[in-house]
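Residue numbers (the working numbering): -17 to 119.
Please read the structure below before turning to the comments.
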């Protein structure tokens, strides 16, 4: 049985990671998933959230915004709409964007105002990014 599995993380803009890992954990459409070497093949959609991988005894955290994950016994491929390594997330900028979204949500709502749904998604995104970034400490 192999003790490592190849992990690829790709966005439309870049190939973010290509590394041998011990495991990968992520938020799938039907709940949290942890993949180990020799996992049964699987294809799933990913939700906005934290992806973590373990390599050489260290846990690393990544923000992932929607996507797909293909699992084969020897390889995990994540195709994400957006992804950021925890160390690359600007916490202050995320907090500023979180406050802007909260301000929109606290305004008096108009019936046809799509800004509220956009602000709700933005708030969730920034809360998640902040949470992932704070794990790097």
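For glycine and all other residues, C-beta sits at the position ideal for the given N, C-alpha and C.
No experiment lies behind these values; they were computed from the predicted model shown.
Proximity of residue i and residue j at Cβ, strictly below 8 Å
i, j, result
"residue 87", "residue 105", "yes"
"residue 84", "residue -8", "no"
"residue 7", "residue 34", "yes"
"residue 36", "residue 5", "yes"
"residue -11", "residue 58", "yes"
C-beta neighbour in chain E for residue i, strict 8 Å
i, result
"residue 14", "The structure shown contains no chain E, having only a single protein chain."
Span separating the alpha-carbon of residue i from that of residue j
i, j, result
"residue 45", "residue 75", "15 Å"
"residue 66", "residue 51", "16 Å"
"residue 26", "residue -14", "21 Å"
"residue 112", "residue 81", "12 Å"
"residue 64", "residue -4", "10 Å"
"residue 11", "residue 115", "22 Å"
Closest Cα partner of residue i within the set the options
i, options, result
"residue 108", "69, 15, 47, 89", "47"
"residue -6", "91, 73, 49", "49"
"residue 103", "91, 90, 79", "79"
Exercise. Is the segment 86 to 102 in contact with the segment 27 to 34, if contact means three or more CB pairs nearer than 8 Å?
Worked result: no
Exercise. What are the start and end residues of each continuous beta strand (DSSP E) run of 3 or more residues lying completely inside the segment -5 to 53, in chain order?
Worked result: -3 to 3, 5 to 10, 13 to 17, 24 to 28, 31 to 37
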